[in-house]
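Below: the structure, in structure tokens.
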Amino acid sequence: MDRYTFKDFKSDQEVRWCPGCGDHAVLAALQRALPEICEKTGCAKEDLVVVSGIGCSSRLPYYMNTYGFHSIHGRATAVATGIKVANPKLAVWQACGDGDALAIGGNHFIHAVRRNVDINIILFNNRIYGLTKGQYSPTSKFGAVTKTSPYGTVEHPFNPGSLVLGAKGTFFARSLDSELKLNEEIMLAAAMHKGTSVMEMLVNCVIFNDGAHALISDRATRADRTIILKHGEKMIFGKDRNKGLVLDGLKLKVVKIGEDGVTEDDILTHDAHNDNIGLHTMLADMKYPEYPVALGIIRDVEDITYDKAVHDQMEQVTEKSKIGCMDDLLGSGAVWEVK
Amino acid sequence: MQHKVIDAKDVVIRFAGDSGDGMQLTGSLFADMSAIYGNELSTFPDYPAEIRAPHGTVSGVSGFQVHFGSCHVTTPGDFCDLLVAMNPAALKSNAKWLKRTAMVLIDEDTFDAEGLKRAGFTTDDPVSELGIGDRTIIFAPITTLTEESLKDSGLDLKAVHKCKNMFTLGMASFIYSRPVEYVYGYLERKFGKKHPELVAPNKKVVTDGYNYAANIQAIPNTYTIAPANLQKGRYRNITGNQAVAWGFIAASEKSGRPLFCGSYPITPATGILEELAIHKYLGVTTMQAEDEIAGICTAIGAAYAGDLAVTTTSGPGLSLKSEALGLAVMTELPLVVVDVQRAGPSTGIPTKTEQTDLAQVLYGRNGECPVAVVAAHSPAHCFDAAFTAAKIALEHMMPVVLLSEGFLGNGSEPWRIPSMKDYPEIRPPYATAADSPFRPFERTPETMVRKWAFPGTKGLEHRVGGLEKNHAGVLSSDPLNHEIMVRERAEKVEHLADVIPALEVDGSASGRLLVVGWGGTYGHILSAIHEVRDSGKEVSHVHFDYISPLPKNTEEVLSGFDRILVCELNSGQFADYLRAKFPGHCYLQCNKVQGQPFLVQELVDAIEKALQ
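Note that the protein sequences, when read in sequence, are chains A and B. Counting from 1, one number per residue, gives the positions in the first sequence under this note's numbering. Counting from 1001, one number per residue, gives the positions in the second sequence under this note's numbering.
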């Protein structure tokens, strides 16, 4: 088994994203995470396939020295599904944007999640169409002023996490482009996860939507406006690590440790592996300023994967079949002889 | 009255009833029975799009026509010798298909005031109203007789009424001297395991129907149709959709590539996906995708991963697949797209047949985007056509469109079972370790074909995609590189002409008139040609199985004739294609766009007019 370094995954192609684009950091995290991923999953470099659709982030396969497929707008998920089902030994990664995966490719996206096909989807969410130069996307905030919404959008955005969990997704994580270390951890967990892993990367678009996530990504306030969820750990956040989440009836509530008799014991412990989707959905739905925005692995549960089920069924049927080749099939059923 | 037994050369029966009356089953059982008896035959289901249209109405009539004979049978027949009409609507909508000498078998229980009104009759005498009083009309109380037959069966009335079709099958079996034992066997296979309680009642109804027909004095003649002089061998009945599915499985076996079908249900192509889904034990993966686009895109993914990838659809689905088909052209991956054509545009008439997607298949994509196009010409030929389409796709690294038609997909005919040893090996152009570093769009000069490297192969890592690239697989928007790649992709398709068979003219190689057809009109054109020749006139026929590229000798064949009559079920799409490719000939057209196959008579008339 080869041991790799991040250089093994860099192609000789010039990376053509704008300077300062959040995509650079996500690409770097992937290339850094892959040596450990390959080691832990027993996957060789030639078993990796990176698939994408259309959009800025979808250029990613060209920058990876692996097998790659730059498909058409919205369809990466379908192409990736076909690759994985045809050869489940391959490790299939997908890069897509918010427009690519959630607008034109929304149907394929939810159905991949529903089927739980074992692919790893990195969803680059910059809340804008960058490659077409600045039109609103399905994750643009209500009222967003863009080239196609000069007076502000009058449509509600998708929250990718709610969409994934609504489709009974088995893995959902969210992070910021600049959280390199966290992103490597998320990518490793996604690779280890059997089933559709959706990693929402909140990326900045310096040209058409600068400060896309500034409200929560600003270094000075990030610790108070986000919470990094870790399985088995208390849901504590804040610069002073003194805020936490509790359940108040059927709702989540932010509390301060040490105030109103709240102790650390009262704070919820994150269980990413719990099959109950309710709390995960509430965590994924949290919006600033009422709540901190949840980062990290929100949900990571096991379930039957589509690609394995397809092949298991084929094996079972084959074992029982009396027909073993085409000539057998041709001679099966109602056949008669003309003499 | 003692009935006469007459030897007949061939007979056409049309079973018609409400779409819930089981006419498709009755017709196909009669066909299977005749096939096993040794007749040649051809079938044509003619059913409405609604699963259960309003009961008793003309729009809800479902029909199944069987043409069987001791002679060569190439079409389901224009007009019928026997019409089975299970209700007034079935009689009304099918009376126009009666021969002058036809017999009509009617379930008189359904011909009450309400039934006549629902069918839109304005008098209580439908026979006179339709002007068919000169035919032999047999009124039989089929509903009552079925109820009587099963009164001790323990079945409820609904279940009893579902057996009416078996009563008519029994009657038809008597009239045409068919052995009903085959039906017994079928009933045991169908119900034996899950509903054993239905086997005996159904058998009883068939027998009672047979005996009833033998006992009543109303049937003037019965017929025997001798077995046809078929080539020796083992036979089976096959529909076009089943044959397409089997052709792909055969190509998978001959190439060693697992078969992957990504498809979305659509009439009339769904039967292929359904058939493939059964045969998972032959290494077949079927994926019912979330939409047409996902159907082709999963197939493209599977092709990249190394499978024999196919997607099956009809016209509207092909429209949705257009962009992805362009991606397959651009990435130069093997893929077969089956279009079982139906009446369009838009949703059109989904259950009716047409040849109206030819222009879409040839031209319906953005950019310079040529694909290979193969057309099947009969239900059984669908097997060879699918095998060939897959062989071309795999060996020439390109998408191939296989054109079928509703008429072929749902139609059936006896098929002499081939042996796989008679089919050629399929050898895809695999890349090897010697090709590292892999340049995906480097070509073999004689064929313009690139090599195929699958993920999982060490040292051949490469990227493909919809953006234009150079031979090394690197993105390029260089103007000259683009033009070179456009030309090379087109040349690759043109080079296929070196490997596809030349046209064979049926008749003289030169003369006054050449009749040209393609696809599922083959049988009808053949019958028409024979009829015209029988009247002492000379005419030649050529049929195109390969549409793009056209066979190498096309110009030579066309040049031998004063006039060329192009017959097709559209407004002239293939005629226009020939005019553009081979100008200077005198092209005439015979077109029909009614969602129905040609009648042989329509073609005979067109040929005779063209000969004048």
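Don't be surprised by glycine CBs; every beta carbon is placed ideally from N, CA and C. Note that the structure is predicted; figures quoted are calculated from it, not measured.
What does residue i touch in chain A if you count any residue whose Cβ is under 8 angstroms from its own?
i, result
"residue 1418(B)", "330"
"residue 1246(B)", "326, 329 and 330"
"residue 1302(B)", "82, 83, 85 and 86"
"residue 1298(B)", "78, 79, 81, 82 and 85"
"residue 1237(B)", "334"
Since residue i and residue j are thought to touch, with beta carbons under 8 angstroms apart, how far apart are those beta carbons, to the nearest angstrom?
i, j, result
"residue 1205(B)", "residue 1249(B)", "The Cβ separation is near 37 angstroms, so there is no contact."
"residue 307(A)", "residue 84(A)", "5 angstroms"
"residue 250(A)", "residue 294(A)", "Contact flag wrong, Cβ pair sits at about 18 angstroms."
"residue 1449(B)", "residue 1401(B)", "Not quite, the Cβ-Cβ distance comes to about 18 angstroms (not below 8 angstroms), so this is no contact."
"residue 68(A)", "residue 100(A)", "Their Cβ separation, rounded to whole angstroms, is 16 angstroms, which puts residue 68(A) and residue 100(A) out of contact at 8 angstroms."
"residue 1489(B)", "residue 1329(B)", "6 angstroms"
"residue 268(A)", "residue 246(A)", "6 angstroms"
"residue 1519(B)", "residue 1403(B)", "6 angstroms"
"residue 1601(B)", "residue 1010(B)", "Rounded, the Cβ-Cβ distance is 16 angstroms, inconsistent with contact."
"residue 1360(B)", "residue 1308(B)", "Not a contact, Cβ separation roughly 24 angstroms."
Please list, in chain order, the chain B residues whose beta carbon lies closer than 8 angstroms to that of residue i.
i, result
"residue 129(A)", "Here the premise fails: no neighbours, minimum Cβ distance about 18 angstroms."
"residue 313(A)", "1280"
"residue 323(A)", "1279, 1281 and 1282"
"residue 65(A)", "1461"
Once the 5 residues before and after residue i are set aside, which same chain residues still bring their CB inside 6 angstroms of it?
i, result
"residue 22(A)", "177, 203 and 204"
"residue 70(A)", "52 and 61"
"residue 1569(B)", "1354, 1355 and 1592"
"residue 1226(B)", "1070"
Cutting at 8 angstroms between CB atoms, please list the residues of its own chain near residue i, excluding the five before and the five after it.
i, result
"residue 1459(B)", "1433, 1436, 1437 and 1438"
"residue 1419(B)", "none"
"residue 1019(B)", "1047, 1048, 1050, 1051, 1052, 1053, 1060, 1061 and 1062"
"residue 1006(B)", "1221, 1222, 1223 and 1224"
Answer with buried or exposed for residue i, where buried requires no fewer than 16 other C-beta atoms within 10 angstroms of its C-beta.
i, result
"residue 1224(B)", "exposed"
"residue 214(A)", "exposed"
"residue 1508(B)", "exposed"
"residue 282(A)", "buried"
"residue 1187(B)", "buried"
"residue 142(A)", "exposed"
"residue 182(A)", "buried"
"residue 1423(B)", "buried"
"residue 31(A)", "buried"
"residue 111(A)", "buried"
For residue i, return the contacting residues in chain B, with the cut-off set at a CB-CB distance below 7 angstroms.
i, result
"residue 62(A)", "1463 and 1475"
"residue 310(A)", "1285"
Can you pull the chain A residues whose beta carbon is under 7 angstroms from the beta carbon of residue i, in chain order?
i, result
"residue 1291(B)", "107"
"residue 1307(B)", "86"
"residue 1613(B)", "With chain B covering 1001 to 1612 only, the question about residue 1613(B) has no answer from this structure."
"residue 1243(B)", "Result: empty, since nearest Cβ-Cβ is about 11 angstroms, beyond 7 angstroms."
"residue 1230(B)", "338"
At 9 angstroms on the CB atoms, spell out the chain A contacts of residue i, in chain order.
i, result
"residue 1234(B)", "330, 331, 335, 336, 337 and 338"
"residue 1038(B)", "336 and 338"
Might you give, ordered along the chain, the residues of its own chain that have their beta carbon closer than 7 angstroms to the beta carbon of residue i, omitting 5 neighbours on each side?
i, result
"residue 114(A)", "167 and 168"
"residue 137(A)", "98, 99, 103, 127, 128 and 129"
"residue 1466(B)", "1327 and 1330"
"residue 1165(B)", "1021, 1022, 1023, 1025 and 1026"
"residue 125(A)", "98, 139, 160, 200, 201, 202 and 203"
"residue 1245(B)", "1272, 1275 and 1276"
Check the Cβ of residue i against every Cβ in chain B and list those closer than 9 angstroms, keeping chain order.
i, result
"residue 111(A)", "1289, 1290, 1291 and 1294"
"residue 198(A)", "None at all; the shortest Cβ gap to chain B is about 17 angstroms."
"residue 318(A)", "1280, 1281, 1282 and 1283"
The ligand SAH and residue i: does the residue's C-beta get closer than 7 angstroms to at least one heavy atom of that ligand?
i, result
"residue 1155(B)", "In the structure shown, the ligand SAH is absent, as is every other ligand, since no ligand is present at all."
Check each residue of the region 69-88 of chain A: if its Cβ is closer than 9 angstroms to any Cβ of chain B, include it; give the result in chain order.
69, 70, 71, 72, 73, 74, 75, 76, 77, 78, 79, 80, 81, 82, 83, 84, 85, 86 and 87
Closer than 8 angstroms, Cβ to any Cβ of chain A: which residues of the region 1439-1470 of chain B, in chain order?
1454, 1455, 1456, 1457, 1458, 1459, 1460, 1461, 1462, 1463, 1464, 1465, 1466 and 1467
Members of the region 249-282 of chain A near chain B, C-beta cut-off 9 angstroms:
none
What residues in the region 1246-1263 of chain B have a beta carbon less than 9 angstroms from any beta carbon of chain A?
1246, 1249, 1250, 1252, 1253, 1254, 1258, 1260 and 1262
Along the region 87-103 of chain A, what residues have a CB closer than 7 angstroms to any CB found in chain B?
87, 89 and 90
Closer than 7 angstroms, Cβ to Cβ, to anything on chain A: give me those residues from the region 1321-1341 of chain B, in chain order.
1323, 1324 and 1327
Give me the subset of the region 33-57 of chain A whose CB atoms are less than 9 angstroms from a CB atom of chain B, sorted by chain position.
44, 45, 46, 47, 48, 49, 50, 51, 52 and 54
The region 1022-1035 of chain B: which residues have C-beta closer than 8 angstroms to a C-beta of chain A, in chain order?
1032 and 1035
Residues of the region 1377-1399 of chain B whose Cβ lies closer than 9 angstroms to any Cβ of chain A, in chain order:
none
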